[in-house]
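Peer 1: Take a look at the following structure, please.
Number of protein chains: 2
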Amino acid sequence: MRLMFVTSNPGKVEEAKKYFEPLGVDVHQLHLEYPEIQADTLEEVALFGVEWLSSMIDGPFFLDDSGLFIDALGGFPGVYSAYVYRTLGIGGILKLMDGVENRRAHFESVVAYWDGEAHLFTGRVDGEITNGPKGSSGFGFDPIFKPHGFDKTFAEMTTEEKNVISHRGHALKAFADWLKENLK
Amino acid sequence: MRLMFVTSNPGKVEEAKKYFEPLGVDVHQLHLEYPEIQADTLEEVALFGVEWLSSMIDGPFFLDDSGLFIDALGGFPGVYSAYVYRTLGIGGILKLMDGVENRRAHFESVVAYWDGEAHLFTGRVDGEITNGPKGSSGFGFDPIFKPHGFDKTFAEMTTEEKNVISHRGHALKAFADWLKENLK
Chain A
1471 MRLMFVTSNP GKVEEAKKYF EPLGVDVHQL HLEYPEIQAD TLEEVALFGV
1521 EWLSSMIDGP FFLDDSGLFI DALGGFPGVY SAYVYRTLGI GGILKLMDGV
1571 ENRRAHFESV VAYWDGEAHL FTGRVDGEIT NGPKGSSGFG FDPIFKPHGF
1621 DKTFAEMTTE EKNVISHRGH ALKAFADWLK ENLK
Chain B
1471 MRLMFVTSNP GKVEEAKKYF EPLGVDVHQL HLEYPEIQAD TLEEVALFGV
1521 EWLSSMIDGP FFLDDSGLFI DALGGFPGVY SAYVYRTLGI GGILKLMDGV
1571 ENRRAHFESV VAYWDGEAHL FTGRVDGEIT NGPKGSSGFG FDPIFKPHGF
1621 DKTFAEMTTE EKNVISHRGH ALKAFADWLK ENLK
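Protein chains in written order, with our numbering: chain A, 1471 to 1654; chain B, 1471 to 1654.
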């Protein structure tokens, strides 16, 4: 089976292959722009994306969307994490969290798969916002997110370490598990 | 001529009528949801909106989108102003601007009109972010925005005062002026 992953990021495709190769599923990158809507949840964004793309792509495909949700900020930056990273940056988030006691936050990732209809898979990792940035691997807000049960931030982990526990890793695994059942 | 204004806000329709009644154009509210995309500019959001709606609405219609762009924050909150108001609120913006010397900001509004093709009209008002909220009329970030040349915030003005100088007022006027020429 051939499965298209709609993304501009080849690193994500490599990550996905680890989950799908054991199933005999070939993952290929498809670099195609699609509108991401303004919404409160990643599910809404991902669902609109696959439905919008469904008339353009032959065969099964999927895409993903991720965000950082900070409890004390009402879920901000949420689905707008990429934009907020570009404008306010890590410094802006730390300023907003200055003096805030409740540091709880979670990264969430949604995979939307299209095979004639939409199927959504969610992954989540809980943790907290640190007081300052640590580490230099990964991207985005990784340097200020410390997952529960670990003494380091996402940016202090190797890609392999992070992928195992990350929100996207969980979402991809949920998708792969479902596909395994449904390919039988 | 009958012109539909796609909005959930009856107050906006009343404001628009002042510009179009003198032209013999009847403005009617059409309450219809449409996807607002994630983008860097209001123009992109508004353009996607009218094109998306164009297959559903008979006859000419328009919609508008507005945002507050703060220079020192890289344009934040921009097209996401409504979301940021709901999550971070005025307090969050003031916190981000704490100790920031450059207070320059502008409100921008884009009207997108569809008559078989799209026409965009932009209005803008320049000003600055105050150090604290003042006034209670208007909505959103009005209490912390002081337009250039005035000693009060948008929230300290009456609706009539604000409409004359506001970004949306300018965009509606540009649209009405264009329509007047093109109805001849």
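Where a beta carbon is used, it is the ideal one built from N, C-alpha and C, also for glycine.
Predicted model only: the values in this text are computed from it and were never measured.
#1: Inspect the beta-carbon positions of residue 1475 (chain B) and residue 1558 (chain A) and report whether they are closer than 8 Å.
#2: Between the alpha carbons of residue 1604 (chain A) and residue 1615 (chain A), how many angstroms are there, rounded?
#3: Of all the options B:1527, B:1489, B:1511, which has the alpha carbon lying nearest to the alpha carbon of residue 1501 (chain B)?
#4: Along chain A, which residues have their Cβ under 7 Å away from the Cβ of residue 1557 (chain B)?
#5: Based on the DSSP secondary-structure assignment, which residues constitute the bridge partners of residue 1524 (chain B)?
#6: When Cβ atoms are compared, which residues of the region 1593-1621 of chain B fall closer than 9 Å to chain A?
#7: For residue 1581 (chain B), which of B:1651, B:1643, B:1503, B:1505 has the nearest alpha-carbon?
#8: Closer than 8 Å by beta-carbon distance: list the chain B residues that pair up with residue 1518 (chain A), in chain order.
#9: Taking residue 1566 (chain B) as the query, report the chain A residues whose CB atoms sit under 9 Å from its CB, ordered along the chain.
#10: Output the residue ranges of the beta strand (DSSP E) runs that lie fully inside the region 1571-1613 of chain A and measure 3 residues or longer, sorted by chain position.
#11: So for residue 1546 (chain B), helix, strand or coil by DSSP?
#12: Would you say residue 1508 (chain A) faces chain B, with C-beta separation under 8 Å as the test?
#13: Indicate whether at least one CB of chain A lies closer than 8 Å to the CB of residue 1583 (chain B).
#14: Residue 1550 (chain A) touches chain B at which residues, Cβ-Cβ below 8 Å?
#15: Please look up how many angstroms separate the CB atoms of residue 1594 (chain A) and residue 1578 (chain A), rounded, as I've assumed it's under 8 Å.
#16: Nearest by alpha-carbon distance to residue 1599 (chain A): which of A:1618, A:1629, A:1628 is it?
#17: Output the distance between the C-alpha atoms of residue 1530 (chain A) and residue 1543 (chain B), rounded to the nearest integer angstrom.
#18: For residue 1516 (chain A) versus residue 1538 (chain A), is the C-beta distance shorter than 8 Å?
#19: Suppose contacts are defined by Cβ-Cβ distances below 8 Å. Is residue 1549 (chain B) in contact with residue 1512 (chain B) by that definition?
#20: Per DSSP, which residues does residue 1540 (chain A) bridge with? Please list them.
#21: Can the beta-carbon of residue 1646 (chain B) be found closer than 8 Å to that of residue 1489 (chain B)?
#22: Among all the DSSP beta bridges, which residues are the ones paired with residue 1563 (chain B)?
#23: Ignore the nearest five residues each way along the sequence and tell me which others in residue 1495 (chain A)'s own chain have a CB closer than 6 Å to its CB.
Peer 2: Once the coordinates are examined:
#1: Against the second sequence, residue 1475 (chain B) aligns to sequence position 5. Against the first sequence, residue 1558 (chain A) aligns to sequence position 88. Contact flag unset, no.
#2: For the purposes of this step, residue 1604 (chain A) is taken as the residue at position 134 of the first sequence. For the purposes of this step, residue 1615 (chain A) is taken as the residue at position 145 of the first sequence. Using only the alpha carbons, I get a separation of about 9 Å.
#3: Taking the second sequence and counting its residues from 1, one reaches residue 1501 (chain B) at position 31. Residue 1501 (chain B) has its Cα closest to that of B:1527, out of B:1527, B:1489, B:1511.
#4: Here residue 1557 (chain B) refers to the residue found at position 87 when the second sequence is read from its first residue. Per Cβ cutoff of 7 Å: 1543, 1544, 1545, 1546.
#5: Within the second sequence, numbered from 1, the residue matching residue 1524 (chain B) stands at position 54. In the DSSP output, where bridge partners are listed per residue, residue 1524 (chain B) has none listed.
#6: Listed by position, the residues of the region 1593-1621 of chain B near chain A (Cβ gap below 9 Å) amount to none.
#7: Against the second sequence, residue 1581 (chain B) aligns to sequence position 111. The shortest C-alpha separation from residue 1581 (chain B) is found at B:1643.
#8: If you number the first sequence from 1, residue 1518 (chain A) lands on position 48. Residues of chain B passing the Cβ test: 1505.
#9: For the purposes of this step, residue 1566 (chain B) is taken as the residue at position 96 of the second sequence. What residue 1566 (chain B) touches in chain A: 1558, 1562, 1565, 1566.
#10: Those beta strand (DSSP E) runs which fall completely within the region 1571-1613 of chain A and span 3+ residues are 1574-1584, 1588-1599.
#11: The residue given as residue 1546 (chain B) occupies position 76 in the second sequence. Coil, per DSSP.
#12: Residue 1508 (chain A) sits at position 38 when you count from the first residue of the first sequence. Taking Cβ atoms only, chain B reaches closer than 8 Å to residue 1508 (chain A), which makes this a yes.
#13: Along the second sequence, one-based indexing puts residue 1583 (chain B) at 113. Under the Cβ criterion of 8 Å, residue 1583 (chain B) is not counted among the residues facing chain A.
#14: Along the first sequence, one-based indexing puts residue 1550 (chain A) at 80. Within chain B, the residues near residue 1550 (chain A) are 1508, 1550, 1553.
#15: Reading the first sequence from its first residue, position 124 is the one you call residue 1594 (chain A). Reading the first sequence from its first residue, position 108 is the one you call residue 1578 (chain A). Sure, about 5 Å apart at Cβ, within 8 Å.
#16: Taking the first residue of the first sequence as position 1, residue 1599 (chain A) is located at position 129. Distances from the CA of residue 1599 (chain A) to each of A:1618, A:1629, A:1628 were compared; the closest alpha carbon is that of A:1618.
#17: For the purposes of this step, residue 1530 (chain A) is taken as residue 60 along the first sequence, with counting starting at 1. For the purposes of this step, residue 1543 (chain B) is taken as residue 73 along the second sequence, with counting starting at 1. If I take the Cα positions, the gap works out to 41 Å.
#18: By one-based count along the first sequence, residue 1516 (chain A) stands at place 46. By one-based count along the first sequence, residue 1538 (chain A) stands at place 68. In this structure, residue 1516 (chain A) sits away from residue 1538 (chain A), with a CB-CB distance that is not shorter than 8 Å.
#19: As a first step, residue 1549 (chain B) is located in the second sequence; it is residue number 79 there, counting from the start. As a first step, residue 1512 (chain B) is located in the second sequence; it is residue number 42 there, counting from the start. Contact flag set, yes.
#20: Start at 1 with the first residue of the first sequence, and residue 1540 (chain A) comes out as number 70. For residue 1540 (chain A), which the question treats as bridged, DSSP gives the partners A:1575.
#21: Sequence index remark: in the second sequence, residue 1646 (chain B) carries index 176 (1-based). Sequence index remark: in the second sequence, residue 1489 (chain B) carries index 19 (1-based). Contact flag set, yes.
#22: Position 93 of the second sequence holds residue 1563 (chain B). None; residue 1563 (chain B) has no bridge partner.
#23: Walking along the first sequence from the start, residue 1495 (chain A) turns up at place 25. 1471, 1473, listed in sequence order.
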